[in-house]
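Below is one structure, written out as structure tokens, with a few remarks after it.
Number of protein chains: 2
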Amino acid sequence: MSDVARLAGVSKMTVSRVMAGRSASEATRGRVQRAIEELGYVADAAAGALSSGRSSFVAVLVPSLSSSNFSDTVGGLTAVLEPQGLELLIGDTDYLPEREERLVRQMLRHQPRCIALTGSQHTDATRALLQRSGVPVVEMWDLPTEPIDMAVGFSNVSASREMVRYLAHKGYQRIGFLGGASELDRRGLDRFKGYQAEMKALGLERHRVVRLGESPVTMSHGGPAMAELLERWPDTQAVMCVSDMSAFGAIMECQRRGLNVPRDIAIAGFGNFEIAACCHPAITTVSVDAYGIGQRTGEAIVAALLAEDGEGTRHPAKTRIQYTVVPRESA
Amino acid sequence: MSDVARLAGVSKMTVSRVMAGRSASEATRGRVQRAIEELGYVADAAAGALSSGRSSFVAVLVPSLSSSNFSDTVGGLTAVLEPQGLELLIGDTDYLPEREERLVRQMLRHQPRCIALTGSQHTDATRALLQRSGVPVVEMWDLPTEPIDMAVGFSNVSASREMVRYLAHKGYQRIGFLGGASELDRRGLDRFKGYQAEMKALGLERHRVVRLGESPVTMSHGGPAMAELLERWPDTQAVMCVSDMSAFGAIMECQRRGLNVPRDIAIAGFGNFEIAACCHPAITTVSVDAYGIGQRTGEAIVAALLAEDGEGTRHPAKTRIQYTVVPRESA
DNA sequence: TTGAAAGCGGTACCAG
DNA sequence: CTGGTACCGCTTTCAA
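Protein chains in written order, with full-length UniProt numbering: chain F, 1 to 331; chain V, 1 to 331.
In structure tokens, the structure reads:
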């Protein structure tokens, strides 16, 4: 920066002001810009953050980047935060709370303006860390009874119950469930709990359950799980899956066995992933706006940041995201 | 840090040393650790980077985070770089060179130790920026004739040609191609070029081509494209797709029309995504180790970083990644 | 509108 | 093994 200042014949401060787009005469501005170009000067963000006491980072922690669910949410966040000059520091927890804790600690070192987490399951240390940091926190994809700070999501239990009701209305009674495997995937577990709760409420049997392998649930899990379910309870009329991925795997397994979906057996998914609409038969699913969760989270973050400067007001602690059952061909 | 030092009854320097895991007596170390715990002290990364002149960032730019291809590559990078204490600064270019340029400039502000880009197509300004920065650069997913610095990838042209040869050997002659749409997706374009080159070499017609919409190519593109191809050239025997995603969409379209794949028409994909193995019929494809590209890139980065300190030696400028045609059911 | 000085929170370097 | 000092590159603050 000193070099730029010297070349432009001004002080460092003037260069700093020009770069920040603050008051400066046209002439000076021009000379400074030219000097910057000429030297290929790129300001050091670390120095700026240190000096001003505020970084331009927003930390985002997702369980898995390779799940389109979460990468869509990251996309929504990017769309809202980038125009504000904020940069995302993205971390992948791999569904492990300990890893989340490590990552939170690591991100906190960069003094992020805000930190967005996925879900409501965190270690005590993580909570303590966040509390102490004083940084705004948003929990995404869930609506905890007591958010750390803010939350943007929906009740996976309720959404799952709604799908069960849909299936029951369609006349299916012997309904099975595929998924809810890992204790680490709270959202998957909640969908399982929703299945159980609604089946009980409807007075239907709720033992036709095959739990899956590790999260993230992928399509590869669906096939074997479906095979097991068909073997153990051949009279099953419909199967609800913890995600569209496993639903797809299940449908493919049925096709391999010559079963017609939905005539021989109905299958429903969750999430409304692209594959649900494309695949044949198209998958009946619960639509959740993953990108929208990112956007709304971004908006809540921007509002919280502005509120820090006394401009505008924070969003409410909980932002509820809509979901809908989307009837398609598979159930 | 001063607070920690005061509480532990030592100097700031000693605290700094303890945190860096350098020489310190057991007693001192203990007291410092306790003070850190008690105060919930989290060191400021920006200050550390500024002072030491080196950050712990590695910048990574991918065209799209929601493509499993690239998120797998990011996973491979993470696996190798995280244990080295390096952190990823991830950016999504959306296949736009101008966006890549903006992101490169932005990442450079954080003084990354290294920067990994996808592909070999960059604006002149990007190249200049990188050159001047003096930061090691790795281009992934391609093997440019003249890499900016290092490259880890393979020839999409050659891989594509190999798939055409496979199809021809299987006896197919009237082979079509789906994809290679966007000028921005160099890799897709290269696969298209490979198709043309090999069809020509084999003396086969190469006009049965339907170009797709925007990148990233998704499964939704495959259906309509397949429909168009079937309409225009009903005598087509096999179709090669620019990616497994479009191949899947194409297969679903065939099923909707009551066509049997591969009996009525054969379909091949590219990339060996999870869906290719799961779907029915399973998709014949070109397998590329996306995660491995990330790993190898990570290793090249670590080697380059060590070489900077005079420890060990850099990897060669080009690292070739293997690919193989995987025969499955669809072709 | 511009400039000078101080200092953000760490680490390098050298001395003890 | 430990401490003091300078300084990294920028922004804040205050004065001109």
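All C-beta atoms, glycine included, are put in the ideal place defined by N, C-alpha and C. Note that the structure is a prediction, hence the values are computed from the model and not measured.
Under 7 Å by beta carbon: chain V residues contacting residue i
i: T218(F); result: E274
i: V74(F); result: L65
i: R132(F); result: G40
Residues that DSSP places opposite residue i in a beta bridge
i: E87(F); result: F57(F)
i: L306(V); result: DSSP output for L306(V) lists no bridge partner at all.
i: I321(F); result: I321(F) is not bridged to any residue.
i: C279(V); result: DSSP output for C279(V) lists no bridge partner at all.
i: L287(F); result: The question names Leu, but residue 287(F) in the sequence shown is Ser. Looking at the DSSP assignment, S287(F) forms a beta bridge with G271(F) and T324(F).
Distance CB(residue i)-CB(residue j) smaller than 7 Å
i: L103(V); j: E139(V); result: no
i: V80(F); j: G292(F); result: no
i: I275(V); j: S330(V); result: no
i: M219(F); j: M245(F); result: yes
i: S25(V); j: K12(V); result: no
i: A317(F); j: P136(F); result: no
i: A181(F); j: L204(F); result: no
i: A300(F); j: H280(F); result: no
i: S56(F); j: G85(F); result: yes
i: G271(V); j: A247(V); result: no
i: E101(V); j: T78(V); result: no
i: R320(F); j: A282(F); result: no
i: V217(V); j: V239(V); result: no
i: A46(V); j: L50(F); result: yes
i: N69(V); j: A290(V); result: yes
i: V210(V); j: E183(V); result: no
i: A8(V); j: R31(V); result: yes
i: V286(V); j: V325(V); result: yes
i: Q237(V); j: Y195(V); result: no
i: R99(F); j: N156(F); result: no
i: D185(V); j: S158(V); result: no
i: S71(F); j: S66(V); result: yes
i: L143(F); j: G153(F); result: yes
i: M107(V); j: L89(V); result: yes
Residues that residue i contacts on chain V, provided the C-beta gap is smaller than 9 Å
i: S155(F); result: Within chain V, no residue comes near S155(F); the closest Cβ sits about 25 Å away, beyond 9 Å.
Amino acids of chain F, ordered along the chain, whose beta-carbon sits closer than 8 Å to that of residue i
i: L230(V); result: Result: empty, since nearest Cβ-Cβ is about 15 Å, beyond 8 Å.
i: S71(V); result: L65, S66 and S71
i: G180(V); result: Here the premise fails: no neighbours, minimum Cβ distance about 20 Å.
i: T93(V); result: Going along chain F, no residue has its Cβ under 8 Å from T93(V), so there is no contact; the nearest lies around 11 Å.
i: Q33(V); result: Here the premise fails: no neighbours, minimum Cβ distance about 15 Å.
i: Q322(V); result: Those within 8 Å of Q322(V) in chain F number zero; the least Cβ separation is about 22 Å.
Interface partners of residue i on chain V, CB under 8 Å
i: L108(F); result: V42
i: G223(F); result: C278
i: R105(F); result: V42
i: S55(F); result: A46
i: Q111(F); result: D44, A45 and A46
Neighbour flag for residue i against chain F, beta carbons, 7 Å
i: L50(V); result: yes
i: M226(V); result: no
i: G249(V); result: yes
i: S84(V); result: The amino acid occupying residue 84(V) in the given sequence is Gln; Ser does not appear at that position. Not closer than 7 Å to any Cβ of chain F, the Cβ of Q84(V) fails to qualify, so no.
Any C-beta of chain V under 7 Å from that of residue i
i: I90(F); result: yes
i: G21(F); result: no
i: residue 360(F); result: Outside the modelled stretch of chain F, which goes from 1 to 331, sits residue 360(F), for which no answer is possible.
i: A266(F); result: no
i: A47(F); result: yes
i: R99(F); result: no
Chain F contact residues for residue i, given Cβ-Cβ distances below 7 Å
i: G294(V); result: Ordered by position in chain F, no residue passes the 7 Å Cβ test against G294(V), which lies about 12 Å from the chain.
i: C279(V); result: M252
i: Q255(V); result: H280
i: T78(V); result: D92
i: E183(V); result: None at all; the shortest Cβ gap to chain F is about 23 Å.
i: E87(V); result: Q106
Evaluate contact between the region 249-268 of chain F and the region 39-51 of chain F, counting only Cβ atoms and requiring at least three cross-stretch pairs below 8 Å. no
Counting beta carbon pairs with one atom in the region 244-255 of chain F and one in the region 155-163 of chain F, are three or more of them shorter than 8 Å? no
Okay, do the region 82-99 of chain V and the region 56-71 of chain V touch, 3+ Cβ pairs below 8 Å being the bar? yes
If you pair each beta-carbon of the region 166-181 of chain V with each one of the region 198-208 of chain V, do three or more pairs fall below 8 Å? yes
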